[in-house]
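Data block below; observations after.
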Amino acid sequence: MSDTQPQTEALTGKIPVTVLTGYLGAGKTTLLNRILTENHGKRYAVVVNEFGEVGIDNDLVVGADEEVFEMNNGCICCTVRGDLIRIMDGLMKRRGKFDAVIVETTGLADPAPVAQTFFMDQDVADAARLDAVVTVADAKWLVERLKDAPEAKNQIAFADVILLNKVDLVSEAELADVEARIRTINPYARLHRTTKCDVEIAQVLERNAFDLERIIELEPDFLEEGHHHHHDEEMQSIAITLDGEVDPEKFLPWISELTQVQGPDILRCKGIVAFPDEPKRFVFQGIHMILDGDVQGDWKAGEPRRSRVVFIGRNLDEAAIREGFLACAA
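Residue numbers for the sequence shown follow the working numbering, so the first one is 436 and each next one is one higher.
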């Protein structure tokens with residue numbers, strides 16, 4: 436785990452939140468129980484959302500010095516924001532009793548409304564930061580689920596980290612096939628092959644995956660051109676690089692309008708851009724119509740001030756988006 440992590444927390448003063456998602460039976464509960472029982476010296480508050488899956492073992496949870504909160508309306512979707520906001524509110528009154536929060540969504544849920552809560556509700560946004568969306572996928576059944584369950588596809592598209600679980604149940608050829616399918620939907624997520632979710636906890640929690648600086652440190656080719664040639668028949672990923680700076684007075688209205696107009700079709704967007712006379716990078720990310728951006732991290736001496744944006748979504752007009760972004764050049 437990065438040495439800078441506690442300092443980052445101290446600086447922002449925000450509690451990191453991991454959203455844990457994955458289709459029914461993929462292994463989310465296995466992962467959660469692993470997190471709760473491993474000897475990592477951290478304390479997690481867990482928000483679970485019961486929907487007919489095997490529940491968390493509460494005895495385990497108590498023994499592991501964690502706190503579990505049940506969301507009461509069974510399914511995380513738009514109506515759940517109030518529930519989540521209420522729970523987060525309660526948690527913030529007990530700060531100091533835990534190091535981070537894990538929100539487990541039901542297997543039928545689209546992670547977007549949960550993730551958006553951390554930007555839309557001011558009190559929540561002031562107190563907590565979305566650390567990463569982690570998706571557990573079933574290596575044996577994912578390809579089938581992608582055909583008949585749009586939620587399964589959304590869970591892959593939104594992920595910052597994907598655990599491809601139950602790899603012991605499939606052949607190497609099947610594994611290559613399912614990984615290729617994942618990559619057509621989301622070329623950017625960190626992918627781990629697992630059996631019974633046996634992954635180092637540091638690969639899942641406190642990834643700072645929403646901090647683009649850290650993504651680039653972990654995966655230097657994250658925003659490189661060339662990734663976006665993979666195409667799902669309905670899910671697209673578009674990456675555009677501009678060699679140079681963008682004019683904030685053109686770029687900010689453009690990205691704002693694009694996400695307002697095409698928001699329902701834009702699942703995720705991220706980028707790092709250079710503004711003239713600004714020593715720091717402008718880093719932004721969005722979920723549907725919700726955008727969040729700020730200057731963070733200096734451009735390093737001698738580093739090309741290159742501006743890069745990434746969009747993952749459906750029905751996106753790649754040519755128009757490319758043209759729009761390039762027209763923002765300073």
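Each residue gets a CB set at the ideal place from its N, CA and C atoms; glycine is no exception.
query	result
Using the C-alpha atoms, what's the distance from residue 734 back to residue 458?	40 Å
Does residue 761 get closer than 9 Å to chain C when you measure Cβ to Cβ?	Among the chains in the structure shown there is no chain C, since it carries only a single protein chain.
Which first and last residues belong to the beta strand (DSSP E) in which residue 599 is found?	596-600
Using CA coordinates, which residue listed in 610, 609, 608, 616 is at the minimum distance from residue 592?	616
So the alpha helix (DSSP H) residue 559 belongs to, where does it begin and stop?	557-562
Would you grab the beta carbon distance between residue 479 and residue 537 for me? Rounded to a whole angstrom, and I think it's under 8 Å.	5 Å
Taking buried to mean at least 16 other C-beta atoms within 10 Å of its own C-beta, is residue 672 buried or exposed?	buried
In three-state DSSP terms, what is residue 698?	helix
Rounded C-beta distance between residue 449 and residue 563? I'm assuming under 8 Å.	6 Å
Is the number of C-beta pairs between the stretch 604-614 and the stretch 460-469 that are closer than 8 Å three or more?	no
Under DSSP, the alpha helix (DSSP H) around residue 533 begins and ends at which residues?	Where residue 533 is concerned, there is no enclosing alpha helix (DSSP H), given that its DSSP letter is neither H nor E.
May I have a chain-ordered list of the beta strand (DSSP E) segments no shorter than 3 residues that lie completely inside the stretch 688-743?	701-708, 715-722, 725-733
May I have the straight-line CA-CA distance separating residue 477 from residue 598, to the nearest angstrom?	21 Å
Could you give the first and the last residue of the continuous alpha helix (DSSP H) run that contains residue 755?	753-761
Within a Cβ cutoff of 6 Å, which residues of the same chain sit near residue 603, ignoring the five residues on either side of it in sequence?	630
In three-state DSSP terms, what is residue 619?	helix
What residue from 556, 583, 614 has the CA that sits closest to residue 574's CA?	614
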